[in-house]
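Chains as they are written, first to last, in the numbering used here: chain A, 72 to 430; chain B, 32 to 172.
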């Protein structure tokens with residue numbers, strides 16, 4: 072190292088204690104075993120979130136959150152602004168990949184029973200992050216103000232409106248009125264760039280702090296004690312994954328730039344083949360097949376209450392899985408998780424393969 | 032009640048009161064202002080002859096979309112076009128002579144009743160009147 076860089080390093084080191092941080096990273100050990108691959112997904116999610124923050128900040132420069140300006144500003148970004156198409160495509164594709172990565176991260180943590188004590192709060196904060204990022208996706212979907220996003224928002228907010236007792240108030244609050252209008256774009260924009268990022272940063276902070284404090288979970292019945300250092304071994308492997316994913320996102324954006332769609336017309340008929348973003352489709356298709364009434368209760372209300380109950384049980388899994396709590400195998404929970412995965416995959420596939428289901 | 036208990040109660044109560052007085056204006060600020068909906072009773076939906084038999088037209092009825100159908104039998108009917116399931120906008124399918132919602136495949140007949148799919152209620156039907164060359168649609172009283 073040249074004298075100049077050496078003096079810069081020692082200048083920064085004396086102020087930020089860099090050497091102490093690196094020493095901590097070298098001393099911190101991470102389990103290495105046959106399931107280690109799944110452990111890199113958490114870091115990947117964080118990396119994708121950083122991409123979202125950077126591209127989101129760049130999009131803010133040209134985006135206009137009004138009924139007259141939203142669609143036009145997105146069209147302008149995609150067609151006039153230099154590399155606007157790339158920035159917006161990265162933002163939209165990464166949003167989808169991020170939610171996919173969170174799903175895989177969550178299910179891998181579930182099947183490896185990483186929610187065992189003392190990591191209950193790590194699991195719960197992770198679940199809240201999934202909910203937050205789905206809210207990110209839902210609020211961001213409306214911002215281009217195209218016909219798909221317009222009707223998806225009408226359906227999504229009406230689902231919120233179906234919740235007994237509080238539904239109507241929640242719906243009015245989200246929409247900023249009785250229906251989807253300019254007030255809705257304003258509110259979704261406010262949520263998307265203000266409230267949700269602040270909440271996500273807070274919950275990510277808690278989640279990462281818990282991972283740091285408690286260390287990574289070891290799967291039950293692990294035979295090996297092998298470990299690697301957090302720095303540089305784990306971080307370098309993590310960084311390799313990030314680099315590959317970033318390259319993959321770049322390739323996708325070049326060949327399949329994110330579409331702008333047709334500008335929303337609140338008084339037009341809903342276009343055929345409408346569906347929400349893929350991560351909501353399992354609920355969307357469920358709502359298609361539930362009958363209008365089940366024992367005099369409206370089918371949609373019943374389905375929505377079912378999803379809410381399912382979400383609550385999923386959140387409380389660390390406390391329900393009594394066998395895993397005692398470090399014993401819990402095949403019933405593994406089977407339940409597998410059934411949920413099959414349900415989500417089948418319903419999602421049906422959305423695309425059998426769009427006329429129930430017609 | 033001893034002095035410590037009193038002070039704790041006093042301070043705790045004051046803290047709750049202060050938090051509530053800060054929170055109240057924020058909550059009120061966040062709740063949207065609901066402007067009264069334009070109480071459209073009657074609107075001009077179309078001109079006579081504008082709609083061929085077995086076709087339909089969407090039009091604004093106040094702040095909601097509505098659909099005027101000229102059935103295969105030549106009879107004019109109008110409905111609130113917002114699906115009673117989850118708020119999508121229905122459209123007329125001429126090959127089946129029904130109103131169809133593509134969001135969750137709900138289908139209604141030309142009286143507004145649900146034929147198939149998950150909608151729990153029929154579509155609200157409006158009254159149609161022809162006056163001169165104009166077709167007027169009104170909310171049923």
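No residue lacks a Cβ here, since even glycine has one placed at the ideal position from N, Cα and C. Note that the structure is predicted; figures quoted are calculated from it, not measured.
With C-beta atoms as the reference, is residue i less than 9 Å away from residue j?
| i | j | result |
| --- | --- | --- |
| residue 190 of chain A | residue 107 of chain A | no |
| residue 255 of chain A | residue 248 of chain A | yes |
| residue 310 of chain A | residue 207 of chain A | no |
| residue 348 of chain A | residue 233 of chain A | no |
| residue 42 of chain B | residue 32 of chain B | no |
| residue 164 of chain B | residue 93 of chain B | no |
| residue 87 of chain B | residue 75 of chain B | no |
| residue 157 of chain B | residue 97 of chain B | yes |
| residue 166 of chain B | residue 107 of chain B | yes |
| residue 321 of chain A | residue 161 of chain A | yes |
| residue 62 of chain B | residue 243 of chain A | yes |
| residue 110 of chain B | residue 82 of chain B | no |
| residue 126 of chain A | residue 168 of chain A | no |
| residue 149 of chain B | residue 417 of chain A | no |
| residue 184 of chain A | residue 136 of chain B | no |
| residue 101 of chain A | residue 283 of chain A | no |
| residue 235 of chain A | residue 332 of chain A | no |
| residue 408 of chain A | residue 178 of chain A | yes |
| residue 346 of chain A | residue 423 of chain A | yes |
| residue 383 of chain A | residue 390 of chain A | no |
| residue 163 of chain A | residue 329 of chain A | yes |
| residue 203 of chain A | residue 274 of chain A | yes |
Here's the rule I'm using: 16 or more other beta-carbon atoms within 10 Å means buried, otherwise exposed. How should residue i be labelled?
| i | result |
| --- | --- |
| residue 240 of chain A | exposed |
| residue 98 of chain A | exposed |
| residue 64 of chain B | exposed |
| residue 336 of chain A | exposed |
| residue 392 of chain A | buried |
| residue 144 of chain B | exposed |
| residue 218 of chain A | buried |
| residue 123 of chain A | buried |
| residue 139 of chain A | exposed |
| residue 229 of chain A | buried |
| residue 105 of chain A | exposed |
| residue 350 of chain A | buried |
| residue 90 of chain A | exposed |
| residue 231 of chain A | buried |
Where does residue i fall in DSSP's three states?
| i | result |
| --- | --- |
| residue 120 of chain B | strand |
| residue 105 of chain B | coil |
| residue 233 of chain A | coil |
| residue 85 of chain B | coil |
| residue 279 of chain A | helix |
| residue 39 of chain B | helix |
| residue 92 of chain B | strand |
| residue 268 of chain A | helix |
| residue 137 of chain B | strand |
| residue 221 of chain A | helix |
| residue 167 of chain A | helix |
| residue 336 of chain A | coil |
| residue 176 of chain A | helix |
| residue 341 of chain A | coil |
| residue 64 of chain A | Residue 64 of chain A lies beyond the stretch modelled for chain A, which goes from 72 to 430, so this question has no answer here. |
| residue 166 of chain B | strand |
| residue 327 of chain A | coil |
| residue 73 of chain B | strand |
| residue 426 of chain A | coil |
| residue 100 of chain A | strand |
| residue 110 of chain A | helix |
| residue 378 of chain A | helix |
Cβ-heavy atom distance between residue i and the ligand NAP below 8 Å?
| i | result |
| --- | --- |
| residue 376 of chain A | The ligand NAP is not part of this structure, which contains no ligands at all. |
Are at least three pairs of beta-carbons, each pair with one atom in the segment 171 to 180 of chain A and one in the segment 114 to 122 of chain A, less than 8 Å apart? At 8 Å Cβ cutoff, the stretches touch.
Do the segment 179 to 190 of chain A and the segment 147 to 165 of chain A meet, that is, are 3 or more Cβ pairs less than 8 Å apart? The segment 179 to 190 of chain A, when compared against the segment 147 to 165 of chain A, does not touch it at the 8 Å Cβ threshold.
Could you please tell me which residues of the segment 308 to 328 of chain A, in chain order, have their CB closer than 9 Å to any CB of chain B? Listed by position, the residues of the segment 308 to 328 of chain A near chain B (Cβ gap below 9 Å) amount to none.
Would you call the segment 339 to 355 of chain A and the segment 321 to 330 of chain A in contact, with 3 or more CB pairs under 8 Å? Between the segment 339 to 355 of chain A and the segment 321 to 330 of chain A, the count of Cβ pairs shorter than 8 Å is below three; the stretches do not touch.
Cβ pair count under 8 Å reaching 3, the segment 398 to 418 of chain A against the segment 192 to 201 of chain A: Counting C-beta pairs closer than 8 Å gives fewer than three between the segment 398 to 418 of chain A and the segment 192 to 201 of chain A, which falls short of the contact rule.
For the 8 Å Cβ check, are there 3 or more pairs between the segment 283 to 300 of chain A and the segment 150 to 158 of chain A? No: the two stretches stay apart, fewer than three of their Cβ pairs being nearer than 8 Å.
Would you list, in chain order, the members of the segment 43 to 75 of chain B that have their beta-carbon closer than 9 Å to a beta-carbon of chain A? Across the segment 43 to 75 of chain B, CB contacts with chain A closer than 9 Å involve 61, 62, 63, 64, 65, 66, 68, in sequence order along the chain.
Can you find at least 3 beta carbon pairs, one from the segment 115 to 132 of chain B and one from the segment 222 to 231 of chain A, that sit closer than 8 Å? Short answer: they touch.
Mind listing which residues of the segment 210 to 225 of chain A have their C-beta closer than 7 Å to chain B's C-betas, in chain order? Contact residues of the segment 210 to 225 of chain A toward chain B are 222, 225 (C-beta to C-beta distance below 7 Å).
Please list, in chain order, the residues of the segment 361 to 386 of chain A that have any C-beta partner in chain B closer than 8 Å. Those residues of the segment 361 to 386 of chain A that come within reach of chain B (Cβ to Cβ, closer than 8 Å) are 361, 362, 363, 364, 369, 370, 371.
Of all the residues that make up the segment 137 to 154 of chain A, which are near chain B by a beta-carbon distance shorter than 7 Å? Taking 7 Å as the Cβ-Cβ cut-off against chain B, none of the residues of the segment 137 to 154 of chain A qualify.
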